[in-house]
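The listed protein sequences derive, respectively, from chains A and B. Sequential numbering of the first sequence, starting at 1, is according to our numbering. Sequential numbering of the second sequence, starting at 269, is according to our numbering. Ideal Cβ positions, reconstructed from N, Cα and C, are used throughout, including at glycine. Please read these numbers as outputs of a predicted model, since none were measured by experiment.
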Amino acid sequence: MVGPAMAPSWSRPVAAEPLTVRLVCATDSVQPGKPLRVGLYFQLARDWHIYWRNPGDSGEPPRVRWRLPAGFRAGALQWPAPERLGSGSVIDFGYRESVLLPVELQPPTTPLAPGSSITVSAEVSWLACKDVCLPGKAVLTLTLPVRRAPAAAPAAQALFRQADSRLPRPVPKAWRTEATAAGEFLVLTIRGAGAAKAAFFPFEPDQVDHAAAQTTTPIPGGLRLALRKSDQLATTPASLDGVLELDSGRSYALSVPVLARTNGAAPP
Amino acid sequence: MVVAAGLVAPAWAARVGEPAPAFTAADSNGVKHALVDYAGKFVALEWHNNGCPYVRKHYNSGNMQKLQKALTGRGVVWLTVISSAPGKQGYVTAAEENAYLKQVDAAPTAVLLDPAGSLGHLYDAKTSPHMFIINPSGTLIYNGAIDDQPTPDPASVAGATNFVGQALTEAMAGKPVSVPTSRPYGCSVKYAD
């Protein structure tokens, strides 16, 4: 569990049993007027996990509070597609082994002067669980020189490329998506995806029963996914938002308006 | 609807507004408790795992014990439930649990030992803590988190809105429960595999 030593793109790792966490930058330096891509890089001990933005039935996702130089603004954490964790009646969503959560930092309107340097700090808190849970927190600090052009940072670049490949993609124009509320279920219909099986990971924790099996039914040109409603769901949501993972391993970010079906019949 | 040991009730058995699932379970003194015994009283169920950081937040601060004392003092029957399977975090023998209760000065009416997980599955308890409140007519009036601070950080206890205390105060005054459900937070209940 060792990263490149003393490379400018990597903060000192904080080892907080059972994981190590670092603040990583995609480049070795910051360029005047350009956004800066950084990320929280977690490496976990075997069998431990941390949680996705919707942790599922238990747990909580990592949180970050940024301390940035004047004028910088941090975007939201980006979340690679999660794994389904747990078994039985308590199901969670998260990451094992390692994960990078990228973030884009917007620069100040007055460009920085080359030759100076900036310091970026992140106060991170998380919950790591195996069969037991250990909450943790760390302050990660990274100092970067300001340069007109970046030098190569191959290890960091590789890490961000891998994270990007796991980020959910936008829905292709060729797809036709539809969501309906039918009795105890929210039914998601996808046409044009060319997949036989799919799994849906909702962004909101209280919409879908995470532990219930998601039944996939093939239909002409596509598939239908039956998602049992959560017991916590008070009213039909206006839209179903989340990640659809296909059997190919690719994942997509969905936002599908939910139409009520009047006959209330359960899906086939 | 009574569920025998070993059967798993459908997950929608514990819906707010519906009759709370009936059960019988033994406590840490070997005494059997049936929900029907408490008809006419408010009953609070607290899913517990003494190793979970979220539970420890409430016990180390004295927050849970204070709530137990306040509510049992107002006639509420407080049943702590432990559904951890043997060998998993939170599992305790009756003797260990009784020693723990003394050590932390907890004040439940009783602690129900549910290592087979049948009571947990009956209510679909997901986390520790996970709280349920049943009214004197046997209707479930609350299902969810203990409060609005889903974090193990001890600093979050002060200033938290306690949904359990709030629901009971409202229901005892004959008012509707303003927050009847909330997302339960904590460690997953350690059921048998």
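Close to chain B, meaning a Cβ-Cβ distance shorter than 7 Å, are the following residues of the segment 54-83 of chain A: D57, S58, E60. Close to chain B, meaning a Cβ-Cβ distance shorter than 8 Å, are the following residues of the segment 198-215 of chain A: P205, D206, D209, A211, A212. Distance check between Y322/B and each of A302/B, S424/B, R342/B, R283/B places S424/B closest, using alpha-carbon atoms only.
Taking P205/A as the centre and dropping the five residues before and after it, the same chain places the C-beta of N54 closer than 6 Å to its C-beta, in chain order. CA-CA distance, K137/A to G308/B, rounds to 46 Å. DSSP places L167/A in the coil class of the three-state scheme, outside both helix and strand.
No Cβ-Cβ contact shorter than 8 Å links D241/A with R228/A.
Secondary structure note for Q43/A: its beta strand (DSSP E) is the uninterrupted segment 36-44. Cα atoms of L112/A and P145/A: separation of roughly 10 Å, rounded to the nearest angstrom. The C-beta of V132/A comes closer than 8 Å to at least one C-beta of chain B. Within a 10 Å sphere around the beta-carbon of A290/B sit fewer than 16 other beta-carbons, which makes this residue exposed.
With a contact defined as Cβ atoms closer than 8 Å, A282/B and L380/B miss out at about 15 Å. Residue contact with chain A for P397/B: absent (no Cβ-Cβ distance below 8 Å to any residue of chain A). The segment 33-44 of chain A and the segment 185-196 of chain A do not touch, with fewer than 3 CB-CB distances between them shorter than 8 Å. Inside the segment 53-141 of chain A, DSSP marks no whole alpha helix (DSSP H) run of 4 or more residues. Rounded to the nearest angstrom, the Cβ distance from G358/B to N317/B is 3 Å, consistent with a contact under 8 Å. When beta bridges are read from the DSSP output, A179/A appears opposite L188/A, V258/A. For S446/B, there are no C-beta contacts with chain A under 8 Å, since the nearest C-beta of that chain is about 13 Å from it. Counting other Cβ atoms within 10 Å of its Cβ, P218/A stays below 16 and is therefore classed as exposed. The shortest CA-to-CA distance from T189/A to any of I118/A, D57/A, S255/A, G75/A is the one to S255/A. Residue state for R22/A is assigned as strand, using DSSP reduced to three classes. The contact set of C129/A on chain B, defined by CB atoms closer than 8 Å, consists of C455, S456 in chain order. Pairing A128/A with L85/A, the inter-Cα distance amounts to about 13 Å.
For N328/B, the three-state secondary structure derived from DSSP is helix. For N366/B, the secondary structure class from DSSP, reduced to helix, strand or coil, is helix. Ranked by Cα distance from V284/B, the options A234/A, R65/A, R161/A are led by A234/A. Secondary structure note for H389/B: its alpha helix (DSSP H) is the uninterrupted segment 386-391. Within 10 angstroms of the beta-carbon of G59/A lie 16 or more other beta-carbons, which makes it buried.
Contact annotation for D92/A against chain B: S456 [CB-CB distance below 8 Å, chain order]. When P150/A, P172/A, L225/A are compared, the shortest CA-CA separation from A253/A is found for P172/A. The beta carbon of A70/A lies closer than 8 Å to those of P108 in the same chain, with the five residues before and after it left out. Shown in chain order are the members of the segment 312-341 of chain B whose Cβ falls below 7 Å from a Cβ of chain A: G319, C320, P321.
Counting along the chain, no alpha helix (DSSP H) covers A226/A; the unbroken beta strand (DSSP E) around it starts and ends at 222-228. Measuring C-alpha to C-alpha distances from V24/A to each of A199/A, A152/A, T177/A, L101/A identifies L101/A as the nearest. Closer than 8 Å to the CB of G183/A there is not a single CB belonging to chain B.
For the segment 344-359 of chain B, the residues whose beta carbon sits under 8 Å from a beta carbon of chain A are, in order, K356, Q357.
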